[in-house]
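Keeping their order, the protein sequence lines are chains A and B.
Each residue of the first sequence is one higher than the last, beginning at 1 in full-length UniProt numbering.
Each residue of the second sequence is one higher than the last, beginning at 1 in full-length UniProt numbering.
Since the structure comes first, as structure tokens, the remarks are kept for the end.
Number of protein chains: 2
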Amino acid sequence: MRVRKIPLNLNCGLDLVAEVLYGKWKIRLLWFIREGFQRPSELQRKIPEASRRVLHLQLNELEAHGLVSKVIYPEVPPRVEYSLTEFGQTLIPVITLLGQWGDEHEERLREVIGESESEKTHLL
Amino acid sequence: MRVRKIPLNLNCGLDLVAEVLYGKWKIRLLWFIREGFQRPSELQRKIPEASRRVLHLQLNELEAHGLVSKVIYPEVPPRVEYSLTEFGQTLIPVITLLGQWGDEHEERLREVIGESESEKTHLL
DNA sequence: TTGTACAGGGAAAAAATTGTCACTATGATA
DNA sequence: TATCATAGTGACAATTTTTTCCCTGTACAA
């Protein structure tokens with residue numbers, strides 16, 4: 001397991017949220033789990049751009065942070081199901097608001113993100 | 001400038017928000033700017049854990065994304081002031097909610113984050 | 001004269017995150 | 001029999017992000 005060389009700083013609420021939500025796929029995982037896609041393989045199919053590995057890693061972290069819980073069915077082939085904990089549920093309104101903001105400003109966001117991306121490439 | 005080898009995916013609102021907020025210090029920068037700390041050196045003092053360099057980089061990105069605007073005063077020594085654009089202001093409620101969630105669950109978050117951190121170190 | 005604050009940038013290294021590939025094991029299916 | 005789906009792990013590589021270090025140039029203060 002990785003060891004952090006630069007210590008975290010957890011001063012305020014914002015730092016704490018960041019700690020549990022900061023991860024390329026975490027928010028999306030929470031979202032899809034809430035939508036009922038609970039098995040790792042389903043989530044994988046919903047997020048094909050992510051590697052299986054990272055999804056597992058991030059699911060583990062979400063679990064360690066108490067946002068999701070995991071049930072392992074003693075079957076073969078193995079079956080695992082994640083679901084939001086009560087704690088995890090409390091995040092839903094927050095994620096919803098994030099998504100709303102993104103949707104509301106979609107057009108504009110695509111513009112500005114596109115621009116700064118193309119800057120990168122043309123400055124090769 | 002960096003060129004991205006793994007393409008962004010910007011499907012939904014959540015991806016778009018992530019694109020502009022994903023950066024270790026960005027949310028905090030927005031927050032402090034809104035609180036009236038507008039000069040780079042002030043921001044640096046508010047966020048001493050970050051290197052001066054990254055703050056500049058992330059401020060540039062926030063500017064490129066239209067969330068903050070920058071005024072350069074033709075003085076010596078140089079003076080620069082950032083402020084939220086109207087667009088940037090619309091993010092404030094979102095950030096506020098994030099922070100509120102973090103504050104509300106502070107105790108619990110510190111526990112779970114602490115645990116998973118110490119796991120890391122004892123598994124050296 | 002020396003040192004400081006100020007805003008910023010380039011190069012390169014370090015750190016952190018994410019991805020790839022190969023492997024475990026087992027039952028069902030073709 | 002060979003193949004697939006399932007969940008997961010270890011070793012390692014690639015990518016991205018952040019840090020470190022050194023540099024510019026000028027006014028002001030000690």
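A virtual CB, placed ideally from N, CA and C, is assigned to each residue, including glycine.
As the structure is a computational prediction, the values presented were derived from the model and not from experiment.
Same chain only: Cβ atoms within 8 Å of residue i, ignoring 5 sequence neighbours per side
i      : result
A:R25  : Checking the displayed sequence, the identity of residue 25 of chain A turns out to be Trp instead of Arg. Counting only Cβ-Cβ distances below 8 Å, and skipping sequence neighbours, we find I47, A50, V54, L55 and Q58.
B:T121 : For B:T121, the predicted model reports a pLDDT of 44, less than 50, meaning its position is unreliable and no value from the coordinates is stated.
Residue-chain proximity (residue i, chain B), Cβ-Cβ < 8 Å
i                      : result
A:E61                  : yes
A:T121                 : Note that A:T121 scores 44 on pLDDT, short of 50, meaning its location in the model is unreliable; the coordinates nonetheless yield the value given after this. True, the Cβ-Cβ gap to chain B drops below 8 Å.
A:I33                  : no
residue 125 of chain A : Any property of residue 125 of chain A remains undetermined from this structure, which presents chain A solely from 1 to 124.
Separation of residue j from residue i, as counted between CA atoms
i                      : j      : result
A:A64                  : B:P40  : 37 Å
B:N11                  : B:E117 : 32 Å
A:P78                  : A:Q38  : 14 Å
A:R4                   : A:R52  : 23 Å
residue 133 of chain A : B:E106 : Because chain A spans 1 through 124 in this model, residue 133 of chain A falls outside it and cannot be assessed.
A:I95                  : B:P7   : 23 Å
B:R28                  : A:W31  : 24 Å
B:G114                 : B:V76  : 46 Å
A:V20                  : A:L14  : 10 Å
B:L43                  : B:E35  : 11 Å
A:N60                  : A:V112 : 34 Å
B:Q89                  : A:E104 : 14 Å
B:N9                   : B:G23  : 17 Å
A:F87                  : B:P93  : 22 Å
Short CB-CB distance (under 8 Å) between residue i and chain A
i      : result
B:L124 : Low local confidence applies: a pLDDT of 33 at B:L124 is under 50, so the model's placement there is unreliable, and no value is given.
B:H65  : yes
B:Q100 : yes
B:T90  : yes
B:V54  : no
B:G23  : no
B:V76  : no
B:L14  : yes
Beta carbon of residue i nearer than 8 Å to that of residue j
i      : j     : result
B:L98  : A:V68 : no
A:W101 : B:L91 : yes
The alpha helix (DSSP H) enclosing residue i, as first and last residue numbers
i                      : result
B:L57                  : R52 to A64
A:L98                  : I92 to E104
residue 125 of chain A : Since the displayed chain A opens at 1 and closes at 124, residue 125 of chain A lies outside it and no answer follows.
Beta-carbon proximity list for residue i, same chain, < 7 Å, skipping 5 on both sides
i     : result
A:K70 : E63, V80 and Y82
A:L85 : With the sequence shown as reference, residue 85 of chain A is identified as Thr, and Leu is not the correct amino acid for it. G66, L67, V68 and S69.
Span of the beta strand (DSSP E) around residue i
i     : result
B:L8  : No beta strand (DSSP E) contains B:L8, which DSSP labels as neither H nor E.
B:K24 : Taken as a continuous stretch (DSSP letters only), B:K24 belongs to no beta strand (DSSP E), as it is neither H nor E.
Residues near residue i in its chain [Cβ-Cβ closer than 6 Å; skip 5 each side]
i     : result
A:Y73 : R79
B:R45 : none
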